[in-house]
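Student: Chains as they are written, first to last, in the numbering used here: chain F, 631 to 932; chain C, 43 to 327; chain Y, 115 to 555. Take a look at the following structure, please.
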């Protein structure tokens, strides 16, 4: 099966009219399996929810999977939003900026790059493409010092750019976008537009992009999640708590709770974590039909 | 204006960012890996050119090699298990007709992936407590999840918890792309459910499985935060995974040269493993 | 008789008052720079921004920018990277004593004796100066807070089992056996932190154990010294008999046991009680007390060791090392800063005068309040004065620290005897140090 077929089918699948073939024999055993795995996935998150209703000492003295008291929930909420002059809100905004910029930027870069790889035949195309993909294998722990030095040299340490710029590189996004262009934008269409005298940039922006919107959403969404949960990069390039994203901020609170022990706020941190994953859940739920198609077409070629 | 420059025009933004934030750091890491620390008496160590010394050391470093063995164990046990579960769930979910139930399960399975590493650590650290763990309290056991015999499996469990749903979604999405008429054809031919699964769906899943497999290999090689967040709670060996070992060489020991060499070796190892994996998958076809 | 007693009490009181007013006067600090200066400070001390408000008032020329980058390892990683990169390091940073030589070894720490820090040695508890100036000449940091060792215990449990507070380790072992019998094993008498090397080292430190020493042009490492062997064999014996637990420190299980009365005593540093108060809340509040560390010989003066505590370094990247030194000295010697750090973060002072500050003796606030209103600071102040002065760390201590857990794990599983564990600890750490180019034997 080629990527082209895969993608066309991906489009079919997102159409609401698709009729599923009737299937029988959805057995009790299958349902039990689903339920079992559901419990496995959700049980730890259930702990998160019950823990929000406890103060720190109850964390060590009450049953882990049941609630304690609504007033502790209110206290935790207040602490979360007022501690260190309400810096949690700042972290939330920072995360939105970092993840948002990474999502939009890497989506655009990947769309343009993927377009070039898909629609043009140039010298060294395939080896360049493979080389870019292979870099996924370099562990990011090793890049910490070089990236720090680089940012230092161009004077970007402790700026928003230090986190945003490296987040623009998304080799897997490039790969996905190439597949989308392969499948979603027929070369004949391009040639016809050229004959009509359309400029290259018009062909790309106005004709092409709308046809690969599923891919754009997919790449943007995965870049967003990647940047949202990124910990290592901000840890290295940002030394100011007003520039921390949520992950780094919560982890600093966590470490301070561990190392000073005077005023541990684990239950507040857990509440903060839950708030920090809410945007991701909402994004995935609301954009589900786009990215599923996107993932599938990525998977088709393998 | 269609000329040879056009593709490069479109490639420029990506390539610029890629060169600046990937190629340059990797190049610098390569350069760093050629330097070793030298001292005489007291005072700070000097970095002197050591050629391939760091690489020779890496291949003779039994602690590092042992961490690679742990990874192989993961690849033999955890990855197949995770993909098996993900495939099974995707196949079941594909036959769920109720739209709400389907969305519910999909979301439930997917949720763990959104939990940041720090929190996953707090969370599992609590669930792994010997006395306080609800798991032990409910089952009445006294499992010490962090004892050295079980530790690797406990880490495997966190990885499985985080990633199974993610992989399941990928596989499920691939199943959604199977044109309905294939099923119809099979059914007209009188194929049973099992036969449809075995001879129609599974082969169609192969590319998606290959992709998730490759990502699992790469991800496994870079396991870091799961063992790291468990360190304060018990004895977690420095070399439980290559990435923790590398991190400690850099962050704890300040040996940037050796850390860089380890990273290069790890990347090569990943490359070989992925290649091996691809070959086997393709070979079966 | 009664009168004379009163009289002498009055005399004592007036003496004490005189002494405390003498202490309350801060030493004369070095001169402030004439132009405006901004200092960046990396520290995870809670509430430090409020502490330094008094500094800016006194020295309006010097602006202080405080950054909390996370406790211990998180800050070290950043500091390590910045030093290696040659820029980006702060002027002042918080570093724990055990990690000082490792940072000194990078060449990134300024020698503060160049800025007159040596003159302030006399204001600090003697052993703390040994930590920041191992060779007595170069000064790598200004001592900030300390963790002298004492014993915390559950008063209610000791009464319940009719046990006197153990003064010697022999008493302690006897009491441990009694509690095991009487509780049927459900209450552990103590706890051995199997993954905290500095905790164990502090116990050996109290016995005069030495783990590292600079000698001539190289180092001597003796992780398997006689004191270490004595201490580890002692605890291993109690663990094997089931009288002492091995719960991970600061873990949920540990706090659960401590709060639920399943643990009768533990050896904790001066910053420990604050953690008990903060983590346990109302659970077991008022039931805890502190007493001096048990001793190996009865009737001897109280000897102690130290666990944790930190210092303030000035980096070589600082453009204003004089001002930075001034700040570090002020932060750790001025009574206002030391008082604020104690109140906000439970930092137990390294300065001699700090130990006598009235704020430490307040028993209506935590941690003393949690400890039944006992003035526990006086117990710890006594401990601090009993800490062995000549105790050194080595640059490769971070490795030694992690390697300890590995060997103890084997000991707890019965694969190693305590002596074998210590020998392996010594051997593997030595091999590591040599491989990293240190001259060490």
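Think of the CB as a built atom: it goes at the ideal place given N, C-alpha and C, for glycine as much as any other residue.
1. Let me know the secondary structure DSSP gives residue 170/C once reduced to three states.
2. Compare the Cα-Cα distances from residue 178/C to each of 367/Y, 329/Y, 139/Y and 551/Y and report the closest residue.
3. With contact counted as at least three CB pairs below 8 Å, one residue from each stretch, are the stretch 111-121 of chain C and the stretch 257-268 of chain C in contact?
4. Does the stretch 669-678 of chain F come close enough to the stretch 148-167 of chain C to have 3 or more Cβ pairs within less than 8 Å?
5. Is residue 413/Y buried or exposed, if buried means 16 or more other CB atoms sit within 10 Å of its CB?
6. Report the CB separation of residue 858/F from residue 910/F in whole angstroms; it is logged as a contact under 8 Å.
7. For residue 473/Y, which residues of its own chain have a beta-carbon under 7 Å away from its beta-carbon, when the five flanking residues on both sides are left out?
8. With residue 294/Y as the anchor, note down where its beta strand (DSSP E) starts and where it stops.
9. Give the straight-line distance between the Cα atoms of residue 220/Y and residue 90/C, rounded to the nearest whole angstrom.
10. Please determine, among 809/F, 900/F, 895/F and 870/F, the residue with the shortest C-alpha to C-alpha distance to residue 156/Y.
11. Would you call the stretch 314-325 of chain Y in contact with the stretch 338-346 of chain Y, where contact means no fewer than 3 C-beta pairs closer than 8 Å?
12. Counting only C-beta atoms, is residue 745/F closer than 8 Å to chain Y at any point?
13. Looking at the structure shown, is residue 274/Y part of a helix, part of a strand, or coil, going by DSSP?
14. Quick check on this structure: which residue in 337/Y, 385/Y, 182/Y and 159/Y has the alpha carbon closest to the alpha carbon of residue 311/Y?
15. Would you kindly work out how many angstroms separate the C-alpha atoms of residue 809/F and residue 846/F, rounded to a whole number?
16. Report the CB separation of residue 863/F from residue 793/F in whole angstroms; it is logged as a contact under 8 Å.
17. Of all the residues that make up the stretch 152-184 of chain Y, which are near chain F by a beta-carbon distance shorter than 7 Å?
18. Could one say the Cβ of residue 66/C lies closer than 8 Å to chain F's Cβ atoms, at least one of them?
19. Let me see if you follow: with CB-CB separation under 8 Å, is residue 651/F close to chain C or not?
20. Are there three or more Cβ pairs, one per stretch, closer than 8 Å when the stretch 235-253 of chain Y is compared with the stretch 402-412 of chain Y?
21. What's the call for residue 200/Y, buried or exposed, on a 16-neighbour Cβ count within 10 Å?
22. For the stretch 183-199 of chain Y against the stretch 378-396 of chain Y, are there 3 or more C-beta pairs whose distance is under 8 Å?
23. Tell me, please, whether the CB atom of residue 120/C is closer than 8 Å to any CB atom in chain F?
24. Could you pull out every residue in the same chain whose Cβ sits closer than 6 Å to the Cβ of residue 901/F, ignoring the five residues on either side in sequence?
25. Do residue 798/F and the ligand COA come close, with the Cβ less than 7 Å from some heavy atom?
26. Taking only three categories from DSSP, how would you classify residue 183/Y?
27. Need the endpoints of the beta strand (DSSP E) that residue 207/Y sits in, please.
28. How many Å lie between residue 813/F and residue 743/F at the Cα?
29. Please classify residue 440/Y: does DSSP put it in a helix, a strand, or coil?
30. List the DSSP bridge partners of residue 111/Y.
31. I'd like the list of long-range same chain contacts for residue 254/C, defined as Cβ closer than 8 Å, with 5 residues on each side in sequence excluded.
32. Kindly say whether residue 167/C, judged by its beta-carbon, lies nearer than 8 Å to any beta-carbon of chain A.
33. What residues from chain Y crowd round residue 778/F, counting only those whose CB sits closer than 7 Å?
34. Taking 8 Å as the CB-CB cut-off, is residue 113/C touching chain F?
35. Taking only beta carbons into account, state which residues of the stretch 858-872 of chain F come closer than 9 Å to chain Y, listed in chain order.
36. Can you give, in chain order, each stretch of the alpha helix (DSSP H) that sits fully within the stretch 737-800 of chain F and has at least 4 residues?
Tutor: Let me spell this out:
1. coil
2. 367/Y
3. yes
4. yes
5. exposed
6. 6 Å
7. 453, 456 and 457
8. Where residue 294/Y is concerned, there is no enclosing beta strand (DSSP E), although the alpha helix (DSSP H) it sits in stretches over 283-297.
9. 15 Å
10. 870/F
11. yes
12. no
13. helix
14. 337/Y
15. 12 Å
16. 6 Å
17. 158, 160, 181, 182, 183 and 184
18. yes
19. Low confidence applies to residue 651/F: its pLDDT is 46, below 50, so where it sits in the model is not reliable, and the reading given next is rough at best. Cβ-Cβ to chain C under 8 Å: yes for residue 651/F.
20. no
21. exposed
22. no
23. no
24. 682, 706 and 710
25. Inclusion of the ligand COA in the displayed structure is not the case, the ligand content being empty and no account of it being possible.
26. coil
27. 206-210
28. 15 Å
29. helix
30. The structure shown has nothing for residue 111/Y, since chain Y only spans 115 to 555.
31. 125, 128, 209, 212 and 213
32. Among the chains of the structure shown, chain A does not appear; the protein chains present are F, C and Y.
33. 195 and 199
34. no
35. 865, 866, 869, 870 and 871
36. 755-764, 774-783 and 790-794
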